[in-house]
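Quick notes on the structure that follows.
Protein chains in written order, with our numbering: chain A, 28 to 631; chain B, 28 to 631.
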């Protein structure tokens, strides 16, 4: 049976059997690696997860950070964890050797985040934020900035943050107000307020490095006027000493979940002495952020997958042990009770959770593999994978975030009254996952992104590549008698997607911008269901192949595992994929009620 | 604009215009009432809600009951509220004059619960539990028991509870273990443990009266062996004095939401001195409970509706004020930002919440009206309404509970990062509502109830009456040009329901019990969407009628209100009702994956 928060067997299955991570070692960039090193990495992080992170998972929630002495006092595990991350090289494992990295594939790196998030999402976040900040500096900052800040970040000594949101500015980043005034000393004077900044200013580290968006005075309005700055809490002066940088944490928020990591309000420049160091060119701040955004959004998706996975294993364990009632077909009520898992409705809820968690993980690894191929393939072969990544990132981010709310809710339902109580972990997953449709671009933003931008990328080439990938899979599925029905269904679904997409693009062509984009979220849902169905068919093909080859040599556990995958695929196609028909009806309905209706009709 | 938690205008609309509560006063039973008394009642509870209950809504969540001195120490508001309930006669307002009641219609009574729950669900629960316990005693207990316990309950002096669940027994009540041993003193000796008992043993009251299910020693196994007892914490002795009754509260649970009201573990008979007083006949305990169950389940549904309603108004207020970005069709990013509510995706989320909340309330009032008619109509006309109540109770209970999770989640999404924070109330509604698919019969139980029992009730007569009611509404809708499309759609939906129902009943006829019942939850969802669509068409007819009649005399606010109703109806038909097509595909798919798959395929 699995660890309490993730299944090593499933990780191996996806990594080695479905996506053949070992094939990457044929390329120069990855040639020092092997199946052994990959396995060692996964085993090590699984050990960190079970020995260090999972044991404080509930404790960190019940004792969230306190705001004291102008700082967030956090759980002592944060310091220990960041140290281990630094020593293990987890924060920059995918970087080039020349940057101090280990040139690990994205597939492995993202799986590490998956394990961290599954065992303790809030704790993992400290590392993820730091890695994100370090990445931005490595990619875009000057040698001087790198020299001063980079190593401290990737060794886990200092905390990194992403400081974008302001008290009145969330999704509409182009409107932000934090200002940067040029000086003749090479730095800018930063003034303003930031909000919801995860991990900013904790007592676990001696310094915090905020990657901050601000508007240089005199810059144009809107997105073009936004620049990126390094704004540390303590700046490194010419002698290499730390100097207070006029960045203050004004307080932290009390929130629904994700409680182990504080979200902070920051004020910069109250004493007019907050130095910010420009990263890259002025006016390019949002551009730089967005170059890193794909990775951040995949991280969010993986975090949601991880929470749904851990909730699923908690529910599976409970339902396997707890007895209640008798089978529906059993009339004799004097017989002993059966485990919950014998009831079809419970099996439905478990299969639902499994299909969302493992389907979401599969897609995240699929996209990670594209990222790896982009690194190693010759220039002319990269376009395809780049377009696929762009197209699929909104799905990787949003599907597990939104479906994960339902999955963790089903985990609660599996436990009944106990699920509602804090003695069991499932209610925490339900709270923790609720942040994922909000941060790093809300679901609404993702819907506009895929419909308004991504499906038209490369003049529709992105969509063509996507459909071609799915057709490949469908062809593979036709080789197995038990998968043909599902292959047919996926084919029909692709056709539905075509009809819907054409209908919507027609609206766009007619200049009906609002009608076109109004239901981006629903379009993204339809698109996601088809994408995840594809991933399940892929897993079912691998499983069917093993079952066919294996016959006598196959271990019983493996047989059960592969059969379980095929059952889950069947579940997904019958229960989840069929939802596209309702969505398609709505999306082709020509009923622009949300565009036509004005606010006043509700405000009465 | 509305109160912060409910809209008086909508209450009046449903009560007077859609369901014509005043027509009830033509019957003898209700003849002392009038539009004025009904309005006075609603105004009074709205005042209690806004002045006493809502102000402590968040406070009671943040300072939940503590377990001290073998009791739950609760918020002082509980005592004040129960007193007001007692003085106002709210706990037994619907009872006959002869029982001390006011003969108020169910419609009014349930609306009182709605207002209490919308302003402060946890606080309202104390009263609801007490009313439920009092109802059981009034209906089934002996004059001696009534004499000792009834008045103390309905005056709010003592707390009532429903003590069903045990540590290992939840949905499978027939298996419960608490025992009752007959004595020759007229009482039974109770021994056992109960779990998740809301409101049992708090310091707000001097005594708690538990309505407890237990098995008399020697009684048959299963449901037939269960009897109902009054098991007070302090029993009333022959001299009318209170005597400790060997009932102990061992602790309270820490839970996801609904935190203002404790759920307690009880141990009875540790000193072999716990007296229980048999209510009614031995072996009839579950039967009595189930006679009250309809009311309890309507209460749960109304509680969920109330939480979704309050969350909706919080979201509406925020989205009306907070500015962010520009309209999708606006290219000029230097223009001022617009309120969130200008964005179609936000309008979609608000309409979704409104359609669930007001659709759910409409159905609850519809069923309440049936209950009122059962009270006053001659015997031969009652069957229809009794069957309709039986059929629709699973929908009244489950639809707002399940859809309400999505509605409150959408409320969080409307507020973005702020929605995730405890400064705003929406995250609490999301937590509070999550109990509703669990208590008073889980969604799984409701699904089995409607599919396995209710649709076949009276040899299918229940379904015939239901369809006839909807056809009436459809006929009414055809009179309005703007409603004809929706009338058509509802007609088609009824046909889908027929096809699905026939398919499933065929499985039952073939003896495939598990295949038949496996997807009860999905069937209930499909059934619910059609039911709520019917309720929206009903509201749209009333609104269209007013708009047609009104023309010049209509106040602008009324016009906006009625138009808003029609927009919401359009929303529901296009976004929600269309979901039945995916559900129907699944339900008629002959893919029994959740029946076929055995546990072992997941446990690997």
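For each residue, glycine too, the CB sits at the ideal point set by N, CA and C.
Of all residues in the region 431 to 459 of chain B, only 432, 436, 439, 440, 443, 444, 446, 447, 448, 449, 450, 454, 457, 458 place a beta-carbon less than 8 Å from a beta-carbon of chain A. Per DSSP, residue 530 of chain A is one residue of the alpha helix (DSSP H) stretching across 511 to 536.
The three-state reading of DSSP puts residue 107 of chain B in helix, counting H, G and I together.
Taking the CA atoms as reference points, residue 215 of chain B sits about 22 Å from residue 180 of chain B. The alpha-carbon separation between residue 625 of chain A and residue 307 of chain A amounts to approximately 43 Å. Excluding sequence positions up to five before and after residue 213 of chain B, its CB lies less than 7 Å from no other CB in the same chain.
Taking a C-beta distance under 8 Å as the contact criterion, residue 286 of chain B and residue 149 of chain B qualify as a contact pair. The Cβ atoms of residue 46 of chain B and residue 350 of chain B do not sit closer than 8 Å to each other. According to DSSP, residue pairing for residue 94 of chain B in a beta bridge involves B/99.
Inclusion of residue 97 of chain B and residue 276 of chain B in the CB contact set at 8 Å is warranted, their separation being smaller than that value. Only exposed fits residue 522 of chain A, as fewer than 16 other CB atoms lie within 10 angstroms of its CB. For residue 552 of chain B and residue 424 of chain B, the gap between their C-alpha atoms comes out near 12 Å. Here residue 356 of chain A is exposed. Its C-beta has fewer than 16 other C-beta atoms within 10 Å. For the pair of segments examined, the region 203 to 212 of chain A was found not to touch the region 158 to 177 of chain A: the number of CB pairs separated by less than 8 Å stays below three. At least 8 Å separates the CB of residue 113 of chain A from every CB of chain B. Taking 8 Å as the cut-off, the beta carbon of residue 226 of chain A is found closer than this to the beta carbon of residue 188 of chain A. Note on geometry: alpha-carbon atoms of residue 380 of chain B and residue 40 of chain B lie some 18 Å from one another. Closest in alpha carbon position to residue 313 of chain A, among A/497, A/89, A/167, is A/167.
Inter-residue distance for residue 434 of chain B and residue 348 of chain B is about 20 Å (C-alpha atoms, whole angstroms). Taking the CA atoms as reference points, residue 618 of chain B sits about 19 Å from residue 518 of chain A. Going by C-alpha positions, residue 34 of chain B is about 57 Å away from residue 263 of chain A. For residue 221 of chain A, no Cβ of chain B is located within less than 8 Å of the residue's own Cβ. Counting C-beta pairs with one atom in each stretch, the region 458 to 469 of chain B and the region 320 to 333 of chain B have three or more that are closer than 8 Å, which means they touch.
By the CB criterion at 8 Å, residue 284 of chain A and residue 93 of chain A fall outside the cutoff. Per DSSP, the continuous alpha helix (DSSP H) segment holding residue 324 of chain A begins and ends at 312 to 348.
The alpha-carbon separation between residue 342 of chain A and residue 627 of chain B amounts to approximately 15 Å. Residue environment: residue 299 of chain B is assigned as exposed (fewer than 16 neighbouring CB atoms within 10 Å of its CB, all protein chains considered). In the structure shown, the three-state DSSP call for residue 188 of chain A is strand. Counting the other CB atoms within 10 Å of its CB gives residue 114 of chain A a total below 16, which places it among the exposed residues. The alpha-carbon of residue 99 of chain B is positioned some 14 Å away from that of residue 282 of chain B.
DSSP places residue 308 of chain A outside both helix and strand once states are collapsed to three, so it counts as coil.
Residue 326 of chain A counts as buried, since at least 16 other C-beta atoms from the protein chains shown sit within 10 angstroms of its C-beta. The C-alpha of residue 547 of chain A lies about 12 Å from the C-alpha of residue 532 of chain A. The distance from the Cβ of residue 291 of chain B to that of residue 224 of chain B is about 5 Å, consistent with a contact at the 8 Å cut-off.
Within the region 187 to 225 of chain A, the runs of beta strand (DSSP E) that reach at least 3 residues and sit entirely inside it are, in chain order, 206 to 209, 215 to 225.
With respect to chain A, the C-beta atom of residue 630 of chain B has a partner C-beta closer than 8 Å.
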